[in-house]
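Below: the structure, in structure tokens.
Protein chains in written order, with this note's numbering: chain A, 1229 to 1962; chain B, 1229 to 1962.
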């Protein structure tokens, strides 16, 4: 958890100091009682640190160890995450509440507004828990380390500011204007994840180079803006002034037009008036986008990727280093305790007793599978002693993938059952199953194509229902037979079977409930029946689940399996990036709600009860240019509550038509609102998307290199590992 | 030029066979006359091959050598390139001719149509030249090699097909329907560039992996289309059917909607009707784009980049190999000739005489600078003989950057001139010059901001004109003083001075012509004067040039200089990619003109003479949905001639609003036209843009690694070079 703790040489040396001179540090590394029990406890904690890649730089006296183990227990950490989740989710129900069916400005009805004090109450509980968390954390690492760690100091400041802000807010009777504490809430999420902090550090490192390209982009933009303004100046002939009128009227408008063109969001439109006059004008725009969009923007990608090269390897190295540190520390402790290296002739071979190791391992909280593997390996030692290298190697088991072993097939006495077992444990059963799933999807697709233009009442669902029944029965049969063939535990040991099985059970349940409600499906196919829509909804759900079930084919296609497994791995590495995305979304959404809430007013609020978007569109049509907020009917995209702000920010991140929002808010508020949108564009589309591409590249290439034999990177990694080993040997032995 | 010639081991061995047993090959490696002159000639050709990284696999008899040197002379190659350029440019003037001011469908007036036979005449001349080129090439490499080389065989086929097609076309009196020869014209460009052929090979290698991702994209698209159709089925309430009506009416429309969403081109629009009804529907679209656009599309980038990693290094290695081969062959020839290794004690040291080398070098056609460097280095040999390694090393001079050395400052006798020289040869003169250029740009910018809303007649150009005069005089003074300080040759030896100077001269010329036409500028500032617009145009041009001149600051800003130099390097490596882009644009544009020419008919052709786009827009407004081709007024984007087809394809490549074209052509022609647009999207946006990103990444990282000390890649490269050296030694000596 302590990211800023220096792990490399300095850290190691301070660690070795601790080992050599435990008496100098009053409460670190237990000096109160030199009994076995304390040593064992300390070793247990150190090994837990190693398993979870945690820093070993914390208090080691008996009471602190108790606290430490409790604090890092799964329950406690899970609780903390829930609290962080709760305080973040508060934004949805706080006023302006997002609890409405639609965010459409013309027909918004908030379903429920929280009474004053409810969200505040929840919030203060969360804040108190955070305060407690901070106290425990800072106690565990000690006062000096606390001051060194900027994240913890910032944590303290954030909590204090939040509490003060909360008090002010409550004293003003839940005044829901801008509250600074909402804006700094995402900090709790950041603070609690070491991966995110690491990623942030990496991003910080990239800033200087990005700045140089951004400067170049600005220069490019300014030069072209001035060229554009000279090129499309207001002429004598008003008919030929279209380009000037719509896009180059003044400096600010020209700059905006070209900035938006840089994102391609107004591409053919911005050149259309000029291009209609003369083909030659297209050269100006093509040069601008060719250089700006393709060249400079992609150069940004290159720069960001270049900084992120080796990021994965680096983060793996840091983790490995922490683990080695923990294991080595545990070994030193246990070695000190069992001062009996009697069987060796030279003094340099340090050993620990197998019994002690087993005792420690039994108390370590970790996944049972790995614990068993390590204990098994430890007890294989013939001499009863484990030397240092072997002790280190014990924990290599942690890096090994858990071998999924499938239980043996059950043995049946019945001949028939044995035959069934033989037939259904073959590979082709999966192939046939896939074919049937495909057939199901094709059926649904065909019925969709036939039915697509029909209204609900015109549809004949009899066939569809029959087909669905047939397929569900087949799936059920497949499931049962597979269960018979593999036995219950064998069936469950395959991930794909769990996926299939649970969907089949769901489908069956739905089908039964359809039967139960409408007894026999075809007797009620009559539009007068009240429950029809609901029945149709259920059939639709069945279809959707069937399509979803079809995805089971993916692992069975080799090429796709490779790509898909790359993606699954990526998702794991993506958590930190997703967390940072959540943080920026949160901050910008809160800021947006504060700045632009209620800025756009729907044109005809009296229509809000019986809204017909088409009528609305017609009334607006005559006055407004095509492509504007009003004419496109983007009324649901606004900053009036947190949820719609998120969707609006997402739409801007996708960049298409983001100029519509830029323009609308500039019109309804001030020109300066553009700054907010441009800041978001830079943060999301430029920074985050490029980071994401860099991560995908890094992951894919890392995986590729690993799959295709020993590459340079791997060699580098191995080199570094040996270097670490050497470093250790030096700092501990010399 | 011969890409498919196997260069690695096989090639080397065949080469060594040629050296060892020249008698067995009748016309390779000259057996007709063993006189010195032939050897020297052959050596000259081999060294020229080495200098230009050409393959040495061609005839070596005296007549062939003459032909070969003539064929690869700069004039001849330049002529060939001109012919290729001419045949490609023909597409602009062939019917449908692009020679019109605008491509607007409502007001297109073609200025000139070529008479029947003109373009055909030019074309047949080009084809004859290509035939001659083919004959020479195939003669030079010999019959066997010709058959092995697929590119040359294809060249032959393309020329034959073109000639047949040309004959047919002429016999049908210049019928301008689809002519197959237009479609295959870009082949000449491809065939003539070894870089492009190499890149194509690289792309071919990437196809299998791209296919797997494309399959995944198709699966993703199909699954979501079916989900979407189930989710947005036609319901009972017509008000709630907006989503179904506009985007999910049938399978084809749903698929198109989601395909376009994959490119984000219809992002907020496609979700607007559903999102207006219920916030929850946004999840469907966000999931779709999140996975499809961000994940799968970027995975494509990763895959393409992964294939292109090492592409640059590989291509450098191939070139190095070819150069080594040429140099080594030349050495062997010269060594055979001068059979007098008398001064060495052991027989293994092979040498050539310095005199011979100098004789050969004097006749080699190469850049004088490098020739001088090599000859100087060769004549430094003390013994009069050059051993093999030293001979090889001679040509390392070619890899060294040409050191730009500036001539010494001229010495003046006058004291005043010496003072001027001292003052103006300092660095701060550049700084002051930059500051003045900046001031000029700021002035222009301010006047632009002030004047932007004024019409031409309201503007007061007096100040602007005075300011311009002042700045131009300053630039002139700066130029003259610098010339005095550095002398003429010293001044010209700086690239930045040439840039400054030529722009200053241009500005001065313009300014003088303004004065000459209007004698004193301020006496004529009266809108009644007829020449005003033209005067204004000239002032505008002066301003543009002043802004352009401001770009001289770029090399003076460190950060930017780095990025800019990266980009300059990139442009060099980009030629092959640009060539492939030209090829795909050409093919698709010709195909588009063939398929869709005249498909869209302007609504009111009687308006075409007095066109007012605004009126046009109003009349269309009532019937058409916002965002359609007609309402956006995209009339100039069509396939009615080659030039407008290029711009339309460019607009689709930029992807914003490409759905408008997709939709318009589907409406005016058939649904199948979508295939053309999707094919172009896949070729340009998916393939080419990703290739471009891969190239930028590769270039940037290569440059970065080279600038930041010895990296892995460099090590790899050095390793390979030594491997090549070893390989050579083995194949020649053992």
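Each residue gets a CB set at the ideal place from its N, CA and C atoms; glycine is no exception.
All figures in this text were calculated on a predicted structure; none of them were measured in a lab.
**Asked** So, do the region 1373 to 1382 of chain B and the region 1333 to 1342 of chain B have three or more beta carbon pairs nearer to each other than 8 Å?
**Response** no
**Asked** The beta strand (DSSP E) spanning residue 1290 of chain B covers which residue range?
**Response** Taking the second chain and counting its residues from 1, the one referred to as residue 1290 of chain B is at position 62. In this chain, residue 1290 of chain B is not harboured by any beta strand (DSSP E); it is covered by the alpha helix (DSSP H) spanning 1290 to 1299.
**Asked** Along chain B, which residues have their Cβ under 7 Å away from the Cβ of residue 1861 of chain A?
**Response** Here residue 1861 of chain A is taken as the residue at index 633 of the first chain, counted from 1. Correct list: 1500.
**Request:** Assign residue 1343 of chain A to one of three DSSP states: helix, strand, or coil.
**Result:** Taking the first residue of the first chain as position 1, residue 1343 of chain A is located at position 115. In the structure shown, residue 1343 of chain A sits in coil (DSSP, three-state: anything other than H, G, I, E or B).
**Item:** chain A contact residues for residue 1878 of chain B, given Cβ-Cβ distances below 7 Å
**Value:** Here residue 1878 of chain B refers to the residue found at position 650 of the second chain. What residue 1878 of chain B touches in chain A: 1514.
**Request:** Below 7 Å CB to CB, which residues in the same chain sit around residue 1387 of chain A once its five sequence neighbours on both sides are set aside?
**Result:** By one-based count along the first chain, residue 1387 of chain A stands at place 159. Closer than 7 Å at the Cβ level, and outside the excluded window around residue 1387 of chain A, lie 1355, 1358, 1359, 1362.
**residue 1774 of chain B beta carbon less than 8 Å from that of residue 1657 of chain B** = Numbered from 1 along the second chain, position 429 holds the residue referred to as residue 1657 of chain B. Numbered from 1 along the second chain, position 546 holds the residue referred to as residue 1774 of chain B. Not closer than 8 Å, so no.
**Asked** So, does the CB of residue 1275 of chain B fall closer than 8 Å to a CB anywhere in chain A?
**Response** What you label residue 1275 of chain B is simply residue 47 of the second chain in a count that begins at 1. No, because no Cβ of chain A sits closer than 8 Å to the Cβ of residue 1275 of chain B.
**Prompt:** When burial is assigned at 16 or more other CB atoms within 10 Å of the CB, is residue 1644 of chain B buried or exposed?
**Reply:** For the purposes of this step, residue 1644 of chain B is taken as the residue at position 416 of the second chain. It counts as exposed.
**Asked** I think residue 1491 of chain B touches residue 1886 of chain B, with their Cβ atoms under 8 Å apart; what is that distance to the nearest whole Å?
**Response** Sequence index remark: in the second chain, residue 1491 of chain B carries index 263 (1-based). Sequence index remark: in the second chain, residue 1886 of chain B carries index 658 (1-based). Rounded, the Cβ-Cβ distance is 7 Å, consistent with contact.
**Request:** Consider the C-beta atom of residue 1397 of chain B and the heavy atoms of the ligand FMN; say whether any pair is separated by less than 7 Å.
**Result:** Ligands displayed in this structure: none; no statement on the ligand FMN is therefore possible.
**Prompt:** When the cut-off is 8 Å and only beta carbons count, does residue 1504 of chain A lie next to chain B?
**Reply:** Indexing the first chain from 1 puts residue 1504 of chain A at position 276. Yes, its Cβ sits closer than 8 Å to a Cβ of chain B.
**Prompt:** At a Cβ threshold of 8 Å, is residue 1932 of chain B touching chain A?
**Reply:** Residue numbering aside, residue 1932 of chain B sits at position 704 when the second chain is read from its first letter. It does: the Cβ of residue 1932 of chain B has a partner Cβ on chain A nearer than 8 Å.
**Message:** Quick check: the Cα distance between residue 1499 of chain A and residue 1467 of chain A, rounded to an integer number of angstroms?
**Reply:** Here residue 1499 of chain A refers to the residue found at position 271 of the first chain. Here residue 1467 of chain A refers to the residue found at position 239 of the first chain. Whole-angstrom Cα-Cα distance: 16 Å.
**Request:** Using a Cβ cut-off of 8 Å (strictly closer), state whether residue 1339 of chain B contacts chain A.
**Result:** Against the second chain, residue 1339 of chain B aligns to sequence position 111. No, because no Cβ of chain A sits closer than 8 Å to the Cβ of residue 1339 of chain B.
**Asked** If we count the other Cβ atoms within 10 Å of its Cβ and call it buried at 16 or more, is residue 1635 of chain B buried or exposed?
**Response** Here residue 1635 of chain B refers to the residue found at position 407 of the second chain. Exposed is the call here.
**Prompt:** What residues from chain A crowd round residue 1682 of chain B, counting only those whose CB sits closer than 8 Å?
**Reply:** Taking the first residue of the second chain as position 1, residue 1682 of chain B is located at position 454. The contacting residues are 1462.
**Item:** Terminal residues of the alpha helix (DSSP H) in which residue 1831 of chain B lies
**Value:** The count along the second chain starts at 1 and reaches residue 1831 of chain B at position 603. Premise fails: residue 1831 of chain B is in no alpha helix (DSSP H) and is neither H nor E.
**Request:** Indicate whether at least one CB of chain B lies closer than 8 Å to the CB of residue 1332 of chain A.
**Result:** On the first chain, residue 1332 of chain A is found 104 positions in, with the first residue counted as 1. Residue 1332 of chain A counts as touching chain B.
**Message:** Suppose you measure from the CA of residue 1365 of chain A to the CA of residue 1298 of chain A; what does that come to, to the nearest Å?
**Reply:** To locate residue 1365 of chain A, count along the first chain from 1; it is residue 137. To locate residue 1298 of chain A, count along the first chain from 1; it is residue 70. Rounded to whole angstroms, the gap between the alpha carbons of residue 1365 of chain A and residue 1298 of chain A is 12 Å.
**Asked** Are the CB atoms of residue 1742 of chain B and residue 1707 of chain B nearer to each other than 8 Å?
**Response** The sequence position of residue 1742 of chain B within the second chain is 514, counting from 1. The sequence position of residue 1707 of chain B within the second chain is 479, counting from 1. One thing to note: residue 1742 of chain B has its Cβ no nearer than 8 Å to the Cβ of residue 1707 of chain B.
**Contact set for residue 1877 of chain A: own chain, Cβ-Cβ below 8 Å, skip 5 residues either direction** = Your numbering for residue 1877 of chain A matches position 649 in the first chain. When the five nearest sequence neighbours on each side are left out, the beta carbons in the same chain lying within less than 8 Å of the beta carbon of residue 1877 of chain A are those of 1813, 1816, 1817, 1820, 1908, 1912, in order along the chain.
**Prompt:** If you check the beta carbons only, do residue 1828 of chain A and residue 1487 of chain A fall under 8 Å apart?
**Reply:** The residue you call residue 1828 of chain A lines up with position 600 of the first chain. The residue you call residue 1487 of chain A lines up with position 259 of the first chain. Against a cut-off of 8 Å, the Cβ pair of residue 1487 of chain A and residue 1828 of chain A comes out as no contact.
**Asked** Which of helix, strand or coil does DSSP assign to residue 1353 of chain B?
**Response** What you label residue 1353 of chain B is simply residue 125 of the second chain in a count that begins at 1. In the structure shown, residue 1353 of chain B adopts helical secondary structure according to DSSP, grouped into three states.
**Request:** Could you tell me the boundaries of the beta strand (DSSP E) in which residue 1402 of chain A lies?
**Result:** Position 174 of the first chain, counted from the first residue, corresponds to residue 1402 of chain A. That residue, residue 1402 of chain A, is in no beta strand (DSSP E); it is neither H nor E in DSSP.
**Message:** Buried or exposed for residue 1449 of chain A, going by 16 or more other Cβ atoms inside 10 Å?
**Reply:** Against the first chain, residue 1449 of chain A aligns to sequence position 221. With 16 or more other CB atoms across the displayed protein chains lying within 10 angstroms of its CB, residue 1449 of chain A is buried.
**Prompt:** Can you tell me the Cα-Cα spacing of residue 1594 of chain A and residue 1601 of chain A, whole angstroms?
**Reply:** Stepping through the first chain from its first residue, residue 1594 of chain A is reached at position 366. Stepping through the first chain from its first residue, residue 1601 of chain A is reached at position 373. For residue 1594 of chain A and residue 1601 of chain A, the distance between alpha carbons rounds to 12 Å.
**Item:** Within-8 Å CB hit, residue 1870 of chain A to chain B
**Value:** The count along the first chain starts at 1 and reaches residue 1870 of chain A at position 642. Chain B contact via Cβ: absent.
**Request:** Take the Cβ of residue 1867 of chain A as the centre, count every other Cβ of all protein chains shown within 10 Å, and call the residue buried at 16 or more, exposed below.
**Result:** Stepping through the first chain from its first residue, residue 1867 of chain A is reached at position 639. With 16 or more Cβ atoms within 10 Å of its Cβ, residue 1867 of chain A is classed as buried.
**Asked** If you drop the 5 nearest sequence neighbours on each side, which residues of the same chain put their C-beta closer than 8 Å to that of residue 1249 of chain A?
**Response** Looking up residue 1249 of chain A in the first chain gives position 21. Note that residue 1249 of chain A scores a pLDDT of 34, beneath 50, so its modelled location is shaky; the value from the coordinates is reported in the next line. So the list is empty, once near-sequence residues are dropped.
**Message:** Once the 5 residues before and after residue 1277 of chain A are set aside, which same chain residues still bring their CB inside 6 Å of it?
**Reply:** Position 49 of the first chain, counted from the start, is the residue given in the question as residue 1277 of chain A. Contacts found: 1284, 1554.
**Message:** For a minimum of 3 consecutive residues, which ranges assigned as the beta strand (DSSP E) are wholly contained in the region 1880 to 1919 of chain B?
**Reply:** none
**Item:** Amino acids of chain B, ordered along the chain, whose beta-carbon sits closer than 9 Å to that of residue 1827 of chain A
**Value:** Counting from 1 along the first chain, the entry for residue 1827 of chain A is found at position 599. Simply none; closest approach about 18 Å.
**Message:** On the DSSP letters alone, give me the boundaries of the beta strand (DSSP E) that residue 1613 of chain A sits inside.
**Reply:** Counted from its first residue, the first chain places residue 1613 of chain A at position 385. Taken as a continuous stretch (DSSP letters only), the beta strand (DSSP E) holding residue 1613 of chain A covers 1613 to 1615.
**Asked** How many Å lie between residue 1434 of chain A and residue 1518 of chain B at the Cα?
**Response** Here residue 1434 of chain A is taken as the residue at index 206 of the first chain, counted from 1. Here residue 1518 of chain B is taken as the residue at index 290 of the second chain, counted from 1. Residue 1434 of chain A and residue 1518 of chain B have their C-alpha atoms roughly 25 Å apart.
**Item:** Range of the contiguous alpha helix (DSSP H) that encloses residue 1579 of chain B
**Value:** Numbered from its first residue, the second chain carries residue 1579 of chain B at position 351. DSSP places residue 1579 of chain B in no alpha helix (DSSP H) but in the uninterrupted beta strand (DSSP E) bounded by 1579 to 1581.
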